[in-house]
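In the numbering used here, the protein residues as written are -18 to 235.
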Ligand SMILES: NC(=O)c1ccc[n+]([C@@H]2O[C@H](COP(=O)([O-])OP(=O)(O)OC[C@H]3O[C@@H](n4cnc5c(N)ncnc54)[C@H](OP(=O)(O)O)[C@@H]3O)[C@@H](O)[C@H]2O)c1
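1. Out of 189, 206, 125, 157, which one is the CA nearest neighbour of residue 223?
2. Could you tell me whether any non-hydrogen atom of ligand 1 is closer than 7 Å to the CB of residue 53?
3. Can you find a heavy atom of ligand 1 that lies under 7 Å from the Cβ of residue 27?
4. Measuring CA to CA, which of 160, 31, -11, 6 is closest to residue 16?
5. Output the residue ranges of the alpha helix (DSSP H) runs that lie fully inside the stretch 73 to 141 and measure 4 residues or longer, sorted by chain position.
6. Please tell me whether, using a cut-off of 7 Å, the distance from the CB of residue -4 to the nearest non-hydrogen atom of ligand 1 is below it.
7. Exposed or buried, which one is residue 234 when buried takes at least 16 other CB atoms within 10 Å?
8. Output the distance between the C-alpha atoms of residue 71 and residue 91, rounded to the nearest integer angstrom.
9. Alpha carbon to alpha carbon, how far is residue 131 from residue 151? Give it in angstroms, no decimals.
10. Tell me whether the stretch 139 to 156 and the stretch 97 to 109 touch, counting them as touching only if at least three CB pairs, one residue from each stretch, are closer than 8 Å.
11. Would you report the Cα separation of residue 18 and residue -7, rounded to the nearest angstrom?
12. By the 10 Å Cβ neighbour count, where 16 or more other Cβ atoms means buried, how is residue 212 classified, buried or exposed?
13. Could you check whether the Cβ of residue 167 sits closer than 7 Å to any heavy atom belonging to ligand 1?
14. Have a look at the DSSP bridge pairing and note the partners of residue 253.
15. Spatial neighbours of residue 82 within its chain, please: C-beta separation below 8 Å, excluding the five flanking residues on both sides.
16. Kindly indicate the opening and closing residues of the beta strand (DSSP E) around residue 15.
17. Tell whether a beta-carbon distance below 8 Å holds between residue 214 and residue 191.
18. For residue 118, verify whether its CB is less than 7 Å away from any heavy atom of ligand 1.
19. Is the beta carbon of residue 195 closer than 8 Å to that of residue 0?
20. Could you check the C-alpha separation between residue 123 and residue 37 for me, to the nearest Å?
21. Name the one or two DSSP bridge partners that residue 36 has.
22. Go ahead and label residue 219 buried or exposed: buried means 16 or more other beta carbons lie within 10 angstroms of its beta carbon, across all protein chains shown.
23. Would you kindly work out how many angstroms separate the C-alpha atoms of residue 157 and residue 61, rounded to a whole number?
24. Does ligand 1 have a heavy atom nearer than 7 Å to the CB of residue 188?
25. Would you mind reading off the limits of the alpha helix (DSSP H) that contains residue 218?
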């Protein structure tokens, strides 16, 4: 395999950490982004001799994107793959959602990935192409009660990517989106807003399983990908039968 360079956000724990381990083991060169610099350095130590670069950064800082891309290209020469994985949740009723917290979620889940894509696209254009993978969620496809702010942040990202994909076809910049369902990470511990009474009911898949799907996506470049058959059926049938899903979700979240 030619050693491709992957720029991965949210690498300090959860899905991102598992993905970093899978990518390094597969021979990729990885730039690891998150705020927790100590966690990134410790992870980098465990991944070496793989060629990895910890980049401690808060992606909600508007200046961060260009600095992250510059540091990555200085170290590796290129960015072949950008994976926008870092994310934060928010739960609670949408009509009383705290607007400051919603703005934080939109910053991390929507504006920061857009800024990173804007920063990386010129590099990819110069290099003759590249792959951008965004980690969304099945509930970015079909919003569920008490997660409206989070669902909206993921849906917004999907829509701008739908435009970008067509705008950048001629530049050979390809886009893939992953829609995981519930995954066993510490995500809900850091979720903003009101506690969600149904949280923790579904066991979910391991972060390693989601990471394996990301590795497969780098090789196969599907337009959209799911981790489980259940996730795919949930999304497809919710679009075919929206009123039935309104009813079922109202019952589940009663
Ligand atoms: N877990 C699930 O059930 C699930 C389901 C569907 C989709 N997803 C999506 O999968 C992705 C990863 O989630 P996860 O479960 O692995 O969550 P996690 O365990 O909470 O990890 C989130 C990662 O994002 C980073 N991050 C958060 N805010 C950041 C910021 N402002 N700047 C830089 N990095 C930041 C965190 O690092 P620092 O705190 O060190 O900055 C951490 O590495 C997210 O986009 C999430 O929406 C998760």
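A virtual CB, placed ideally from N, CA and C, is assigned to each residue, including glycine.
On the basis of the data shown:
1. 125
2. no
3. no
4. -11
5. 80 to 87, 93 to 108, 119 to 122
6. yes
7. exposed
8. 13 Å
9. 32 Å
10. yes
11. 8 Å
12. buried
13. yes
14. Residue 253 lies beyond the residue range present for the chain, which begins at -18 and ends at 235; the question has no answer from this structure.
15. 71, 130, 173, 174
16. 10 to 15
17. no
18. yes
19. yes
20. 33 Å
21. 14
22. buried
23. 14 Å
24. yes
25. 210 to 221
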